[in-house]
Amino acid sequence: MGGAFSDRRLTLLSEPSIQVFDGFAVAEFDWQFEAVRRSDGLPVTTRGRESQVFMKSGENDWRIVHVHYSQLPQN
Numbered sequence: 005m006g007g008a009f010s011d012r013r014l015t016l017l018s019e020p021s022i023q024v025f026d027g028f029a030v031a032e033f034d035w036q037f038e039a040v041r042r043s044d045g046l047p048v049t050t051r052g053r054e055s056q057v058f059m060k061s062g063e064n065d066w067r068i069v070h071v072h073y074s075q076l077p078q079n
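Numbering-wise (our numbering), the sequence shown opens with residue 5 and increments by one.
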């Protein structure tokens, strides 16, 4: 997928929401991706929401165990 685009830029649209529980955490944030398609030079802009689930695997070691992407709701 990285080879399909040039001039890629990923921007956070707001501060992430992070909830920490006993042994796991959830981060949620909205983003905007802007790039240029290599195949035809056309610009591409997508906006989405991402959530990441982390599990604690040591004293200060966290690992991503699940990622979910969805399209932002239309206003």
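From the three backbone atoms N, C-alpha and C, an ideal C-beta is built for every residue, glycine too. In this text, all values refer to a predicted model and were calculated from it rather than measured experimentally.
Going by beta-carbon coordinates alone, are residue i and residue j separated by less than 8 Å?
i          : j          : result
residue 76 : residue 52 : yes
Quick one: grab the DSSP three-state call for residue i.
i          : result
residue 7  : helix
residue 42 : coil
residue 58 : strand
Give the straight-line distance between the Cα atoms of residue i and residue j, rounded to the nearest whole angstrom.
i          : j          : result
residue 37 : residue 72 : 16 Å
residue 10 : residue 74 : 23 Å
residue 62 : residue 22 : 19 Å
residue 12 : residue 70 : 24 Å
residue 7  : residue 35 : 20 Å
residue 17 : residue 32 : 11 Å
residue 24 : residue 39 : 33 Å
residue 43 : residue 78 : 28 Å
Quick one: does the C-beta of residue i sit closer than 7 Å to a heavy atom of the ligand PLP?
i          : result
residue 40 : Annotation note on the ligand PLP: not contained in the displayed structure, which lists no ligands.
Practice item. Evaluate the contact criterion for the segment 49-67 versus the segment 22-29: three or more CB pairs, one atom per stretch, below 8 Å. Key: Short answer: they touch.
Check your understanding: Is it a yes or a no for the segment 60-70 touching the segment 41-48, going by three-plus beta-carbon pairs under 8 Å?
Key -> The answer is no - the segment 41-48 does not touch the segment 60-70, with fewer than three Cβ pairs under 8 Å.
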